[in-house]
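Participant:
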Amino acid sequence: MSSFKTVMDVFKLLDKSNCRACNEKTCLAFAAAVFQGKRPLSDCPRLDAETLRQYDGFVEKKPTISDGMDDFVAQLKKQIRQIDLAEAARRVGGVFANGRLTLKVMGKDFHIYSDGKMASEIHVNPWVAIPLLIYVMESAGLPVSGEWVPFRELKNGAERNGLFVQRCEQPLKKVADTYTNLFEDMVHLFNGQRVENLYEADISIVLYPLPLVPILICYWKPDEGLESSLNIFFDRTVEKNLGVDPLYSIIAGIVQMFEKISLRHGVPGA
Ligand code: SF4
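Per the working numbering, the very first residue in the sequence shown carries number 4; after that it's consecutive.
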């Protein structure tokens, strides 16, 4: 029996017409859903019976988002060539000029060119690049509501919350516990804004991983035998402006970035 090792293994079988008969916006989005075991291959009515007989039900393991990430980025770049970047800029809070869309990612300029190439002021790993490209293609562009919600309360967030805590909140708390300049760096290097301490936190900072996707980081220092604590909150509109899977990916990518910064400053075990 065969299995799909990457999103591209599924994508190659599709006719790439982006006809939307499967209710996904693109064939690539459908391929990702099949790869993640969320949709059966047979949901694409354009596949012939022989292909379905050969491949349907061949997702043998629950894949991780890191499988085939570079291939996925390459395919998303191809898809980006087909969209109107000027319209996308208006929708997602960017600027279009001289044939390129410019977005602020954590306060830094990120450029996407009409031919799909990308350039930025900071190194962007695939965990960030993938959601960024999905954001440009699919974001509803809703204005930020100001209603903060935890990850578990977002649509489809509850089932992924354990992973989110393990890969995002706990590692960032560990960095905050040991790297005392973390929150200063967030403000000065990444254009973060200190806000009134919400939920009785000792520190509350708002960052913008993407223009319409603010995050609120609340940190409680250790106190009288109680461990420190860190939680990340999201604007309610993130469900439509990005979606839970790309959101998880971009936060995991940003946490990895802060882990690297703290290591560069010689913080052991961060
Ligand atoms: S129905 Fe098939 S061909 Fe049409 S968008 Fe979905 S995956 Fe692509």
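For every residue, glycine included, the Cβ atom is placed at its ideal position computed from N, Cα and C.
If you're wondering where the values come from, they're calculated on a predicted model, not measured in any experiment.
With DSSP as the reference, label residue 23 as helix, strand or coil.
Facilitator: In the structure shown, residue 23 sits in coil (DSSP, three-state: anything other than H, G, I, E or B).
Participant: What is the DSSP secondary structure of residue 126, counted as helix, strand or coil?
Facilitator: If DSSP states are grouped into helix, strand and coil, residue 126 belongs with coil.
Participant: Excluding the 5 residues preceding and the 5 following residue 25 in the sequence, name in chain order all residues of the same chain whose CB lies nearer than 8 Å to its CB.
Facilitator: Excluding positions up to five away in sequence, the list reads 33, 42, 46, 47, 48.
Participant: Along the chain, where does the alpha helix (DSSP H) that runs through residue 176 open and close?
Facilitator: That run of the alpha helix (DSSP H) goes 173 to 181.
Participant: Nearest-angstrom Cα distance between residue 359 and residue 256?
Facilitator: Since the first residue of the chain shown is 4 and the last is 273, residue 359 is not available in this structure.
Participant: So, at 7 Å on beta carbons, what are the nonlocal neighbours of residue 273 in its own chain, with the 5 sequence-adjacent residues on each side left out?
Facilitator: With a pLDDT of 40 at residue 273, under the threshold of 50, the modelled position of that residue is not reliable, and the figure given next carries that caveat. Counting only Cβ-Cβ distances below 7 Å, and skipping sequence neighbours, we find 177, 178, 181, 182, 262, 265, 266.
Participant: In whole angstroms, what is the alpha-carbon distance linking residue 208 and residue 227?
Facilitator: Approximately 24 Å between the Cα atoms of the pair.
Participant: Alpha carbon to alpha carbon, how far is residue 18 from residue 236? Give it in angstroms, no decimals.
Facilitator: The straight-line gap from Cα to Cα measures roughly 39 Å.
Participant: Please work out which residues of its chain come closer than 8 Å, Cβ to Cβ, to residue 147, disregarding the five sequence neighbours upstream and downstream, and give them in chain order.
Facilitator: Correct list, in chain order: 215, 217, 238, 240.
Participant: In the DSSP assignment, find the alpha helix (DSSP H) that holds residue 252 and state where it starts and stops.
Facilitator: Segment 247 to 267, the alpha helix (DSSP H) holding residue 252.
Participant: With distance defined between alpha-carbon atoms, name the residue in 35, 13, 254 nearest to residue 167.
Facilitator: Ranking 35, 13, 254 by Cα distance to residue 167 puts 254 first.
Participant: In terms of residue numbering, what span does the alpha helix (DSSP H) encompassing residue 33 cover?
Facilitator: Where residue 33 is concerned, the enclosing alpha helix (DSSP H) stretches over 30 to 38.
Participant: What number of angstroms, rounded off, separates the C-alpha of residue 117 from the C-alpha of residue 230?
Facilitator: Their backbone Cα atoms lie some 49 Å apart in a straight line.
Participant: Below 7 Å, is the gap between the Cβ of residue 43 and the nearest heavy atom of the ligand HEM?
Facilitator: The ligand HEM is not part of this structure, which contains only the ligand SF4.
Participant: Who are the Cβ neighbours of residue 10 in its own chain at under 7 Å, not counting the five residues just before and after it?
Facilitator: Once the five neighbours on either side are set aside, the close Cβ partners of residue 10 are 34, 35, 38, 71, 74, 75.
Participant: So, with DSSP's three-state summary, where would you put residue 86?
Facilitator: Looking at residue 86 - three-state DSSP - the assignment turns out to be coil, as it is neither helix nor strand.
Participant: Going by DSSP, which residues form a beta bridge with residue 234?
Facilitator: DSSP output for residue 234 lists 221 as bridge partner(s).
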